[in-house]
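A.B. asks: Residue numbers (our numbering): 33 to 344. Backbone N, C-alpha and C define an ideal beta-carbon position, used for all residues, glycine too. Predicted, not measured: the structure shown is a model, and the values here were computed from it.
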């Protein structure tokens, strides 16, 4: 009987000991993944990232950059089998790529954090010129920062993702059902939530500089269901005009796209084919090889599922 009580007492002590260890590990995990700690990690990553030069042929010591063998092993060879890692060194543009991925991973964690609204985050974004936009339901995010491409200071690299917030206790897994959406490195300055009876649609509108004088403009309508992305509408233009306008009227649910023709777009290339000056189809004269400085307007209306081109 005495042995049984002792055994029971020891069992209780073991359970309490394991429970205390679990609680301490959980506290440590939460501290490790706290907003302040994540911001500090991102800040340190950016400090190294800024020190990397995209110009010329430069090799960096991997141990000084804090890049592990696991992180850079994927980049050991490119398509032409040129060796990118030389002993304990790595080429500059690969180091930049790796640090971009490290930063994006931490930004991904930060945006899904349940304390994402803390002021320290806005201070971090301002310090490192991180552009952030999100849908009004807080599920779709786009973040961008300097891409260090070498030929222009205002070229950006981008991370987009969709995440179903479940408001569970903070853990190493952060949130569930997240979908990375970063296929073309697009930057969405505006994200709208368009609701219908069955699902939410997200209208993504943005632009990005892709060269010294070239800009991409785009509008996409996507929805997310069963961990899959459904692209319902895709509008894409390349121009050398940084002043083109694309905006969405939330009341009429119409996309308005205004731009001037140029060397990339020589005519009004939407089905409207509208020359805004005379409200007539833009027809290229046979004796004129290039028409520029014509202002075009294209209108796309939401029909409940996608956007269709309309003439006004």
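Buried or exposed for residue 162, please, with buried defined as at least 16 other CB atoms from any protein chain shown within 10 angstroms of its CB.
C.D. replies: Locating residue 162 in the chain shown gives position 130, counting from the first residue. Residue 162 should be labelled buried.
A.B. asks: Count the other CB atoms within 10 Å of the CB of residue 78; is the residue buried (16 or more) or exposed (fewer)?
C.D. replies: In the chain shown, the residue the question calls residue 78 occupies position 46. When all chains shown are included, residue 78 counts as buried.
A.B. asks: If you check the beta carbons only, do residue 221 and residue 176 fall under 7 angstroms apart?
C.D. replies: Mapped onto the chain shown, residue 221 falls at position 189. Mapped onto the chain shown, residue 176 falls at position 144. No. Outside cutoff.
A.B. asks: Output needed for residue 334: all residues of its chain with C-beta closer than 6 angstroms, excluding positions within five of it in sequence on either side, in chain order.
C.D. replies: By 1-based counting over the chain shown, the position of residue 334 is 302. Within the same chain, residue 334 has close Cβ partners 285.
A.B. asks: Contact between the stretch 123-130 and the stretch 152-161 is defined here as three or more beta-carbon pairs at a separation below 8 angstroms; is this criterion met?
C.D. replies: The stretch 123-130, when compared against the stretch 152-161, does not touch it at the 8 angstroms Cβ threshold.
A.B. asks: Can you look up residue 292 in the DSSP assignment and give me helix, strand or coil?
C.D. replies: As a position in the chain shown, residue 292 is number 260, starting the count at 1. If DSSP states are grouped into helix, strand and coil, residue 292 belongs with the strands.
A.B. asks: Going by beta carbon distance, what residues of the same chain come within less than 6 angstroms of residue 290, once the five residues before and after it are set aside?
C.D. replies: Reading the chain shown from its first residue, position 258 is the one you call residue 290. Around residue 290: 277 and 329.
A.B. asks: Which of helix, strand or coil does DSSP assign to residue 334?
C.D. replies: As a first step, residue 334 is located in the chain shown; it is residue number 302 there, counting from the start. Residue state, collapsed to three classes: strand.
A.B. asks: Could you spell out where the beta strand (DSSP E) holding residue 254 opens and where it closes?
C.D. replies: Counting from one through the chain shown, the residue named residue 254 turns up at place 222. Element bounds for residue 254: 247-257.
A.B. asks: Could you give the uninterrupted runs of the alpha helix (DSSP H) lying entirely in the stretch 129-176, keeping only those of 4 residues or more?
C.D. replies: Listed in chain order, they are 151-159.
A.B. asks: State the Cα-Cα distance for the pair residue 252 and residue 235, rounded to the nearest angstrom.
C.D. replies: Residue mapping note: residue 252 aligns to position 220 of the chain shown, counting from 1. Residue mapping note: residue 235 aligns to position 203 of the chain shown, counting from 1. In a straight line, the C-alpha of residue 252 is about 6 angstroms away from that of residue 235.
A.B. asks: What would DSSP say about residue 81, mapped onto helix, strand or coil?
C.D. replies: Taking the first residue of the chain shown as 1, we reach residue 81 at position 49. Here residue 81 sits in helix by DSSP.
A.B. asks: Starting from residue 270, follow its DSSP beta bridges and name the residues at the other end.
C.D. replies: Counting from 1 along the chain shown, the entry for residue 270 is found at position 238. Residue 270 is bridged to 248.
A.B. asks: Roughly how many angstroms separate the alpha carbons of residue 272 and residue 279, rounded to a whole number?
C.D. replies: Here residue 272 is taken as the residue at index 240 of the chain shown, counted from 1. Here residue 279 is taken as the residue at index 247 of the chain shown, counted from 1. Answer to the nearest angstrom: the Cα atoms are 19 angstroms apart.
A.B. asks: Are the CB atoms of residue 84 and residue 136 nearer to each other than 7 angstroms?
C.D. replies: Within the chain shown, residue 84 is the residue found at index 52, counting from 1. Within the chain shown, residue 136 is the residue found at index 104, counting from 1. Going by C-beta atoms, residue 84 is not nearer than 7 angstroms to residue 136.
A.B. asks: Give me, in chain order, the residues of the same chain whose beta-carbon lies closer than 7 angstroms to that of residue 150; leave out the 5 immediate sequence neighbours on both sides.
C.D. replies: Residue mapping note: residue 150 aligns to position 118 of the chain shown, counting from 1. Closer than 7 angstroms at Cβ, skipping near neighbours: 67.
A.B. asks: Roughly how many angstroms separate the alpha carbons of residue 69 and residue 188, rounded to a whole number?
C.D. replies: Sequence index remark: in the chain shown, residue 69 carries index 37 (1-based). Sequence index remark: in the chain shown, residue 188 carries index 156 (1-based). Their backbone Cα atoms lie some 25 angstroms apart in a straight line.
A.B. asks: Which residues in the same chain have their Cβ closer than 6 angstroms to the Cβ of residue 169, if we skip the five residues on either side of it in sequence?
C.D. replies: Working through the chain shown from its first residue, we reach residue 169 at position 137. Within the same chain, residue 169 has close Cβ partners 225.
A.B. asks: Provide the residue span of the beta strand (DSSP E) that contains residue 91, from first to last.
C.D. replies: Against the chain shown, residue 91 aligns to sequence position 59. Run containing residue 91: 91-93, per the beta strand (DSSP E) assignment.
A.B. asks: For residue 100, name the three-state secondary structure that DSSP assigns.
C.D. replies: For the purposes of this step, residue 100 is taken as residue 68 along the chain shown, with counting starting at 1. In the structure shown, residue 100 sits in coil (DSSP, three-state: anything other than H, G, I, E or B).
A.B. asks: Suppose contacts are defined by Cβ-Cβ distances below 7 angstroms. Is residue 231 in contact with residue 255 by that definition?
C.D. replies: On the chain shown, position 199 is the one that residue 231 refers to. On the chain shown, position 223 is the one that residue 255 refers to. For residue 231 and residue 255, yes; Cβs fall inside 7 angstroms.
A.B. asks: Rounded to a whole number of angstroms, what is the C-alpha to C-alpha distance between residue 343 and residue 332?
C.D. replies: Here residue 343 refers to the residue found at position 311 when the chain shown is read from its first residue. Here residue 332 refers to the residue found at position 300 when the chain shown is read from its first residue. Spanning the two alpha carbons is a distance of roughly 9 angstroms.
A.B. asks: Can you tell me where the beta strand (DSSP E) with residue 238 in it begins and where it stops?
C.D. replies: The sequence position of residue 238 within the chain shown is 206, counting from 1. Note, residue 238: beta strand (DSSP E), 232-241.
A.B. asks: Does DSSP put residue 51 in a helix, a strand or coil?
C.D. replies: Locating residue 51 in the chain shown gives position 19, where the first residue counts as 1. Legend: pLDDT at residue 51 = 47, less than 50; position of this residue unreliable, value from coordinates given subsequently. Three-state result, residue 51: helix.
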